[in-house]
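*Asks:* Per my numbering, the sequence shown starts with residue 370, numbered consecutively.
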Amino acid sequence: MSTETTNSTSPSMHPAWRALQTAFPYTMPIFAGFLLIGIAYGVFMNASGFSFIYPALMSLLIFAGSVEFLTVPMLLAPFNPLHAFLVALIVNARHIFYGISMLEKYRGHGLKTPYLIYGMCDESFSINFTAKIPADIDKGWFFFWVTLLNHLYWVGGATVGGLCGSLLTFDTRGLDFVLTAMFVSIFTEQWLLEERHQSSLAGIAISLLCLMLWGPEHYLIPTLLAIFAVFALGRHYFAPARKEPEHVTD
370 MSTETTNSTS PSMHPAWRAL QTAFPYTMPI FAGFLLIGIA YGVFMNASGF
420 SFIYPALMSL LIFAGSVEFL TVPMLLAPFN PLHAFLVALI VNARHIFYGI
470 SMLEKYRGHG LKTPYLIYGM CDESFSINFT AKIPADIDKG WFFFWVTLLN
520 HLYWVGGATV GGLCGSLLTF DTRGLDFVLT AMFVSIFTEQ WLLEERHQSS
570 LAGIAISLLC LMLWGPEHYL IPTLLAIFAV FALGRHYFAP ARKEPEHVTD
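#1: According to DSSP, is C579 part of a helix, a strand, or is it coil?
#2: Indicate, with yes or no, if the ligand FMN has a heavy atom lying under 7 Å from the CB of E563.
#3: Could you tell me whether the Cβ atoms of F513 and K474 are closer together than 8 Å?
#4: Does the contact criterion of 3 or more C-beta pairs under 8 Å hold for the segment 380-391 versus the segment 479-498?
#5: Check each candidate in Q390, I465 and P442 and name the one with the smallest Cα separation from S417.
#6: Measure the C-alpha to C-alpha separation of G584 and M489 and round it to an integer number of angstroms.
#7: Starting from D491 and walking both ways along the alpha helix (DSSP H), at which residues does that stretch end?
#8: By how many angstroms is the C-alpha of L472 removed from the C-alpha of A601?
#9: Who are the Cβ neighbours of P424 in its own chain at under 7 Å, not counting the five residues just before and after it?
#10: Distance, Cα to Cα, E586 vs A595?
#11: So what does DSSP say about F421, is it helix, strand or coil?
#12: In chain order, what residues of the same chain have a beta carbon less than 7 Å from the beta carbon of L389, not counting five sequence neighbours either side?
#13: Between the C-alpha atoms of A385 and L517, what's the straight-line distance to the nearest angstrom?
#14: In angstroms with no decimal places, state the Cα-to-Cα distance between H478 and L536.
#15: Quick one, which of A571, V599, F597 and C533 has its alpha-carbon nearest T421's?
#16: Which class does M397 belong to by DSSP, given the choice of helix, strand or coil?
#17: Whose C-beta lies closer than 6 Å to the C-beta of W560 among residues of the same chain, with five residues either side of it excluded?
#18: Examine chain C for any beta-carbon lying closer than 8 Å to the beta-carbon of Y410, and answer yes or no.
#19: If you check the beta carbons only, do Y467 and F494 fall under 8 Å apart?
#20: Taking DSSP as the reference, what is the three-state secondary structure of F600?
#21: Rank H520, I408 and N449 by C-alpha distance to the C-alpha of Y484 and give the top, closest one.
#22: If you count every other CB in all the chains shown that lies within 10 Å of the CB of A462, and 16 or more means buried, which is it?
#23: Is the Cβ-Cβ distance between F403 and Y522 less than 8 Å?
#24: If I measure Cβ to Cβ from G509 and keep anything under 6 Å in the same chain, skipping five residues before and after, which residues do I get?
#25: Taking buried to mean at least 16 other C-beta atoms within 10 Å of its own C-beta, is V524 buried or exposed?
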């Protein structure tokens, strides 16, 4: 996914539509991933005995892929709201760090801000945090369209999977790797754009260390906490170097 977008929109066009034309290309890789994973989720719900209404509404209202998959056995088990709350909190605890990172970017966009907060997911965060938005494009509308488009891709995929699940005969296991591959590509592109790689290397090292200490089932939360602590304490070291202004001498 390219982080450089050429703005060829007309200056007389409404800022919302100009932002849509700029945001849409950024979301195309997400469309491919969300469509496949959404269909897999809809098929999973269908195979578990649920009508297509369930994946459609759950993808619209919950909009958290991992939690939605985990919700299926919860719906089939005895009702336990405390367990559901704790699972959702732990699985999506990383969004706390996303929210902290986006405090300044999402501030001051009026009625769009509540939806930007509600609709933030891993993919929307990645785009909105790293995208180089042209100066003549309204940032609030850009953030809004990225969030809404990604939301619609997921709802559409889940609904299609729920409707067509009974017609599919192939094995859908392994489709969730599409998003892993997408994040690898995003990381690779960011690596190529960085002048220094201290922050990327630190993130990799912390993740590997926590993986060895806590194992694959429990390392995510310690990793996020460790990364937050390291970057908060060492923010001056990891911050991009600022160029000193050139002094003109006669």
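Every residue gets a Cβ at the ideal spot worked out from N, C-alpha and C, and that includes glycine.
*Replies:* Quick answer:
#1: helix
#2: Questions concerning the ligand FMN fall outside what the structure shown contains, since it holds no ligand whatsoever.
#3: no
#4: no
#5: P442
#6: 28 Å
#7: D491 to T499
#8: 15 Å
#9: Y410, G411, M414, A527, T528, G530 and G531
#10: 17 Å
#11: coil
#12: W514
#13: 13 Å
#14: 44 Å
#15: First, the residue type needs correcting, since residue 421 is Phe and not Thr in the sequence shown. With distances taken between Cα atoms, F421 lies closest to C533.
#16: helix
#17: S569
#18: Although the question refers to chain C, the structure presented lacks it and comprises just one protein chain.
#19: yes
#20: helix
#21: H520
#22: exposed
#23: yes
#24: H478 and K481
#25: buried
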